[in-house]
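K.L.:
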Amino acid sequence: MKKVAVIALVLLLSVFAFAQKITVQIEGSAVPYYIPIYMGIELGYFAEEGLEVDYLFGSASDIIRNVAVGNVEFGFPNGEPVITARAQGIPVNVIHTTYQHGLGATIFLKDSGIKTPADLRGKRVAVTSYGSSNYVQLQVLLKKNGMALKDVKLEIIGTEAIIPALVNKRVDAICFSMLRTFELKYQGIEVEEFKSDEFLPSFGNVVVTGDKILKENPDLAVRFTRALSRVMAYLSDPENMKTATAITIQKYAPTYTGTVEYMSSILTAIYANYLWVSEDTAAFGFGYGNIERWQETADLMKEYEIIKTDVKATDFVIPRM
19 MKKVAVIALV LLLSVFAFAQ KITVQIEGSA VPYYIPIYMG IELGYFAEEG LEVDYLFGSA
79 SDIIRNVAVG NVEFGFPNGE PVITARAQGI PVNVIHTTYQ HGLGATIFLK DSGIKTPADL
139 RGKRVAVTSY GSSNYVQLQV LLKKNGMALK DVKLEIIGTE AIIPALVNKR VDAICFSMLR
199 TFELKYQGIE VEEFKSDEFL PSFGNVVVTG DKILKENPDL AVRFTRALSR VMAYLSDPEN
259 MKTATAITIQ KYAPTYTGTV EYMSSILTAI YANYLWVSED TAAFGFGYGN IERWQETADL
319 MKEYEIIKTD VKATDFVIPR M
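In my numbering, the protein residues as written are 19 to 339.
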């Protein structure tokens, strides 16, 4: 028995010794929301695929540039900047649609009198800036319900002030992030929301890589995304998520110390139970890329002049590695 254990240990150590070193660049900063990457390292799932994963943070534009030229093997930006990059001819490809939905939401107080999108007519609605994703989300929401910007009282309020503006009833509704809906409810403030993804297909963070890896080493992409999907399956259990959140905060996001209960709740409720899953993932597994949804997003971005040229989702989205 002891001999078997020694052999197993030697084999495990040999995997680590010959692991391929890769880097994934994440859009954002050291926050718990990127828990699948952190826990892929902690659980050894990347190592079991023969990968030694390092990570760094950056803007979407930096990530896309670095992936395209091969400075990093993988990137983890939001979906819309990838479409923008493809419209500019930058060779990046989506190999794992990690977040099946976007985080956008139109949020309003429960006592605002708003029950359906039609009730936004004549209301004071805030976005963070012209040209922002939430500005586009508002336009699409209004158009889908027979209205336009002229039918609401639009206000531009900065990121730091937009939540207080809603709570203090300076505005009737805001187009922002559903994370704030959860946060406000957690604080005991009664709010409701219209999820933007219900009328505007969008995507949060997705895994991207360059043409070179897909042509010369596609197995690397297969192994990385396979490990990532395993992590997501593990985190689907709330108890596992709570344990993983504690590890993540301690080792990867120490500025969130003391928030394990809150963060594990939000990661389960919004990420594991909503952002990561869809009818597609139920049928095909985590990270499945729905070509039609990606195409609809690209077409809307062209319609609202976020991009200037047509983009074909089939050119850069791989449904499943």
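Virtual Cβ for every residue (Gly too), placed ideally from N, Cα, C.
Ordered along the chain, which non-local residues of its own chain (more than five positions away) have a Cβ less than 7 Å from that of residue 227?
P.N.:
Taking the first residue of the sequence shown as position 1, residue 227 is located at position 209. Cβ neighbours of residue 227 beyond the five flanking positions: 85, 91, 92, 111, 113 and 239.
K.L.:
Could you have a look at residue 72 and say whether DSSP puts it in helix, strand or coil?
P.N.:
By one-based count along the sequence shown, residue 72 stands at place 54. Residue 72: strand per DSSP, three-state reduction.
K.L.:
Can you tell which of 190, 118, 134 and 96 has its C-alpha closest to the C-alpha of residue 303?
P.N.:
Residue 303 sits at position 285 when you count from the first residue of the sequence shown. The shortest C-alpha separation from residue 303 is found at 118.
K.L.:
Once you ignore the five residues that flank residue 217 on each side, which residues in its own chain have a CB closer than 7 Å to its CB?
P.N.:
Counted from its first residue, the sequence shown places residue 217 at position 199. Cβ within range, chain order: 158, 159 and 162.
K.L.:
Can you pull the DSSP bridge partners for residue 114?
P.N.:
The sequence position of residue 114 within the sequence shown is 96, counting from 1. For residue 114, which the question treats as bridged, DSSP gives the partners 225.
K.L.:
Hey, out of 80, 87 and 102, whose CA is closest to residue 319's CA?
P.N.:
In the sequence shown, residue 319 corresponds to position 301, counting from 1. Closest by alpha carbon: 102.
K.L.:
Check this for me: beta carbons of residue 209 and residue 125, under 8 Å apart or not?
P.N.:
For the purposes of this step, residue 209 is taken as residue 191 along the sequence shown, with counting starting at 1. For the purposes of this step, residue 125 is taken as residue 107 along the sequence shown, with counting starting at 1. Cβ distance < 8 Å, so residue 209 and residue 125 count as in contact.
K.L.:
Looking at residue 113 and the ligand ZN, is the gap between the Cβ and the nearest heavy atom below 7 Å?
P.N.:
The ligand ZN is absent from the structure shown, which contains no ligand whatsoever.
K.L.:
Considering residue 173, what are the terminal residues of the alpha helix (DSSP H) in which it resides?
P.N.:
Residue mapping note: residue 173 aligns to position 155 of the sequence shown, counting from 1. Careful: residue 173 lies outside any alpha helix (DSSP H), inside the beta strand (DSSP E) at 171-174.
K.L.:
From this set, 129, 189, 167 and 246, which residue's C-alpha is nearest residue 69's C-alpha?
P.N.:
Stepping through the sequence shown from its first residue, residue 69 is reached at position 51. Cα-wise, what sits closest to residue 69 is 246.
K.L.:
Output the distance between the C-alpha atoms of residue 296 and residue 305, rounded to the nearest integer angstrom.
P.N.:
What you label residue 296 is simply residue 278 of the sequence shown in a count that begins at 1. What you label residue 305 is simply residue 287 of the sequence shown in a count that begins at 1. Going from the Cα of residue 296 to the Cα of residue 305 covers about 10 Å.
K.L.:
Count the CB pairs spanning the stretch 48-61 and the stretch 199-206 that are closer than 8 Å, and state whether there are at least three.
P.N.:
With the cut-off at 8 Å, the stretch 48-61 and the stretch 199-206 do not touch.
K.L.:
Who are the near neighbours of residue 123 in its chain, counting only those whose CB is closer than 7 Å to its CB and skipping five residues on each side?
P.N.:
If you number the sequence shown from 1, residue 123 lands on position 105. For residue 123, where only same-chain residues beyond five positions count, the Cβ hits under 7 Å are 194, 195, 196, 199, 211, 212, 213 and 214.
K.L.:
By the three-class DSSP mapping on this structure, what secondary structure does residue 279 have?
P.N.:
Counting from 1 along the sequence shown, the entry for residue 279 is found at position 261. Here residue 279 sits in helix by DSSP.
K.L.:
Any idea if residue 205 is buried or exposed, counting beta-carbon neighbours within 10 angstroms, 16 or more meaning buried?
P.N.:
Here the question's residue 205 lines up with position 187 in the sequence shown. That one is exposed.
K.L.:
Out of 74, 309, 315 and 327, point me to the one whose CA is closest to residue 336's CA.
P.N.:
If you number the sequence shown from 1, residue 336 lands on position 318. It is 309.
K.L.:
Just to confirm, is the Cβ distance from residue 82 to residue 71 under 8 Å?
P.N.:
As a first step, residue 82 must be located in the sequence shown, where it is residue number 64. As a first step, residue 71 must be located in the sequence shown, where it is residue number 53. No, Cβ-Cβ distance for residue 82 and residue 71 is not below 8 Å.
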